[in-house]
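Note that numbering that gives the first Met the number 0 has the sequence shown beginning at 0, numbered continuously upward.
Positions of the beta carbon are idealized from the N, C-alpha and C atoms, including for glycine.
A quick write-up on the structure given underneath.
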Amino acid sequence: MKKNKFPLTGISSVAIHTSEDNAEFSHITPIYATSTFTFDNAQQGMERFAGEDKGNIYSRWGNPTFKAAEETIAALEGFNIKDENGNPLQLRAILHSSGQAAMATLFLSNVKAGETILTHYSLYGGTQEILQKVLADAGINIIIADLRDLNVLEDAIKKNNIKLIHLETPANPTIHCVDIEVITKIAKQHDIIVSVDNTFATPYLQQPFKYGVDFVFHSTTKFLNGHGTAIGGVLIGKDISLMKTKVWKWHALLGGNSNPFDAFLLINGMKTLELRMDKHCSNAMQVANFLQNHSAVANVNYTGLKNHPDFFVAAKQMKHPGALMSFELKGGIEAGKKFIDHLQMCVRAVSLGTVDTLLSHPASMSHFGIKREERLKFGITDGLIRLSVGIENIEDILNDFEQALTGL
Ligand SMILES: *Cc1c(COP(=O)(O)O)cnc(C)c1O
0 MKKNKFPLTG ISSVAIHTSE DNAEFSHITP IYATSTFTFD NAQQGMERFA GEDKGNIYSR
60 WGNPTFKAAE ETIAALEGFN IKDENGNPLQ LRAILHSSGQ AAMATLFLSN VKAGETILTH
120 YSLYGGTQEI LQKVLADAGI NIIIADLRDL NVLEDAIKKN NIKLIHLETP ANPTIHCVDI
180 EVITKIAKQH DIIVSVDNTF ATPYLQQPFK YGVDFVFHST TKFLNGHGTA IGGVLIGKDI
240 SLMKTKVWKW HALLGGNSNP FDAFLLINGM KTLELRMDKH CSNAMQVANF LQNHSAVANV
300 NYTGLKNHPD FFVAAKQMKH PGALMSFELK GGIEAGKKFI DHLQMCVRAV SLGTVDTLLS
360 HPASMSHFGI KREERLKFGI TDGLIRLSVG IENIEDILND FEQALTGL
């Protein structure tokens with residue numbers, strides 16, 4: 000990492016200037032497309048394996064392009080946070096091939112058979128499935144509860160031997176938020192590990208390490224990459240020695256390493272994180288206001304609106320309310336399909352966090368295979384539209400919505 004002469008004051012500077020050092024004076028971080036790395040002699044090979052020589056060995060274990068992305072993400076998540084001794088908080092990030100791979104490392108390196116993970120409703124689908132299918136099959140107990148209610152949290156901790164609490168805030172599709180600070184405080188009284196999925200917020204809007212959490216997780220596929228060009232994930236931890244030993248070991252053995260091209264795309268995407276997030280969020284606020292006042296719309300779930308049940312929690316822990324929202328059309332499933340079909344500029348797709356506005360209709364798409372009663376329990380009603388607001392010019396987003404909502 001380049002040694003800065005003075006402390007940087009903003010996250011754009013951090014995102015742009017953390018990863019600019021390399022042997023050949025290349026301005027932009029090179030794509031180190033190599034599976035392995037050479038040793039000058041047997042002695043150097045031995046020192047590298049012993050960790051005395053910092054050089055690389057094999058790309059499943061680490062690669063200079065991954066490292067540049069990892070150092071940038073660690074710098075962003077730890078930006079302006081102090082540790083218990085008043086020093087800048089040190090973090091370690093490990094880049095993965097996908098969010099799901101980073102999640103596998105997170106859970107498997109911290110929880111073993113017979114132990115329990117506590118989490119909440121409305122998780123990302125892949126998270127819910129890895130917990131309830133993969134980890135449950137591996138003998139790990141999973142409890143899903145409404146952690147917005149602290150009595151429920153205290154009760155779950157009292158009745159079970161909880162090893163790890165996993166939070167995702169804000170969460171799909173109703174944009175529910177949980178209070179990271181309060182939950183972490185309670186968890187720490189019981190020596191429970193806390194991890195946070197910060198994918199929707201990004202470190203620009205929310206820094207969970209401020210509240211003493213142990214791990215932060217991202218699907219870098221979303222806002223960190225920002226342009227929809229690669230799948231990726233990252234796991235960031237504050238126990239550096241644990242990150243270097245067990246967590247790194249599990250990651251390397253499970254084999255969910257990134258690749259140099261995707262890491263390169265991520266490094267360059269992150270340089271505009273602050274600019275993009277500001278625009279995503281200001282557009283989202285205007286879209287939410289427009290939808291809330293539209294006669295075809297029954298209600299809007301957006302934490303920037305005062306009527307959202309988690310408005311105050313979001314305002315407390317997030318710089319802006321984010322770019323994700325959902326809304327309910329009065330005309331139910333037919334109106335939902337028609338609205339989606341009428342869109343001319345905005346894009347019909349799952350995923351989120353790209354520069355373009357993406358919309359999906361869960362009842363006819365991602366949750367089509369799930370029984371109606373089941374999806375209704377998670378707030379996925381017939382006319383619900385999920386929306387990731389992009390950075391297009393706001394007039395065009397609103398014009399597209401206006402014409403697609405006409406005649407529903
Ligand atoms: C996309 C996503 C994931 C999974 O990440 P992949 O990169 O698709 O493997 C996990 N959590 C959240 C909140 C997500 O949006």
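- Residues of the same chain with a CB within less than 7 Å of the CB of Leu407, apart from the 5 flanking positions on each side, are Ala295, Leu328, Gly330, Ala334, Lys337, Phe338 in chain order.
- Secondary structure at Asp340: helix, using DSSP grouped into helix, strand and coil.
- The continuous alpha helix (DSSP H) containing Val312 extends over residues 310-316.
- Inclusion of Ala101 and Phe214 in the CB contact set at 7 Å is not warranted, their separation being larger than that value.
- By the neighbour-count definition (other C-beta atoms within 10 Å, threshold 16), Tyr57 is an exposed residue.
- Each residue's CA atom was taken as its position, placing Phe106 and Glu394 some 43 Å apart.
- Residue environment analysis places Gln99 among the buried positions, since at least 16 neighbouring C-beta atoms fall within 10 angstroms of its C-beta.
- Residue pairing of Arg59 in beta bridges, as defined by DSSP: absent, with no partner found.
- Taking C-beta atoms as the reference points, Arg275 and Ile390 count as a pair closer than 7 Å.
- Counting along the chain, the unbroken beta strand (DSSP E) around Ser359 starts and ends at 357-359.
- Within the model, the alpha-carbon separation for Val388 versus Val286 is close to 8 Å.
- The Cβ atoms of Ile139 and Val110 lie closer than 7 Å to each other.
- Gly61 counts as buried, since no fewer than 16 other beta carbons sit within 10 angstroms of its beta carbon.
- For ligand 1, a non-hydrogen atom lies closer than 6 Å to the CB of Thr220.
- As computed with DSSP, Ala144 is found in a beta bridge with His119.
- Comparing C-alpha distances from Lys248 to each of Lys370, Ile93, Asn267, Ile143 shows the shortest one belongs to Ile93.
- Within the same chain, and ignoring the five residues on either side of Asn298 in sequence, the residues whose Cβ sits closer than 6 Å to its Cβ are Glu327.
- Contact annotation: Ile266 and Ala103 have beta-carbon atoms that are not nearer than 7 Å.
- DSSP places His165 in the uninterrupted beta strand (DSSP E) bounded by 161-167.
- Annotation for Ser97 indicates a beta carbon within 6 Å of some heavy atom of ligand 1.
- Look at Ile230: its beta carbon is less than 6 Å from one of the heavy atoms in ligand 1.
- Under DSSP, His250 shares a beta bridge with no residue.
- Counting the other CB atoms within 10 Å of its CB gives Phe367 a total below 16, which places it among the exposed residues.
- Ranked by how close their Cα comes to the Cα of Gln89, the residues Ser96, Ala73, His95 have Ala73 in first place.
- Using a Cβ-Cβ distance cut-off of 8 Å, the segment 353-365 and the segment 377-387 are in contact, since at least three pairs of beta carbons, one from each stretch, lie closer than that value.
- Short note on Tyr120: C-beta not closer than 6 Å to any heavy atom of ligand 1.
- A distance below 6 Å between beta-carbons, with the five flanking residues on each side excluded, links Leu7 to the following residues of its chain, in chain order: Val13.
- The beta carbon of Met317 sits closer than 7 Å to the beta carbons of Ala200, Leu204, Gln205 from its chain, once the five residues preceding and following it are set aside; these are given in chain order.
- Scanning its chain for C-beta atoms nearer than 6 Å, with the 5 sequence neighbours on each side dropped, one finds around Phe65 the residues Leu94, Ser257, Ala262, in chain order.
- Going by DSSP, Glu394 is part of the alpha helix (DSSP H) stretching over 393-404.
- Excluding five sequence positions before and after Leu253, the CB atoms of its chain that fall closer than 8 Å to its own CB belong to Ala100, Ala103, Thr104, Leu107, given in chain order.
- In terms of side-chain proximity, the C-beta atom of Gly321 is found no nearer than 6 Å to any non-hydrogen atom of ligand 1.
- By a beta-carbon distance limit of 8 Å, Val177 does not contact Leu163. Their separation comes to about 15 Å.
- For the 7 Å CB-CB criterion, Tyr210 and Thr183 form a contact.
- Around the beta carbon of Lys221, a 10 Å sphere encloses 16 or more other beta carbons of the protein chains shown; the residue is thus reported as buried.
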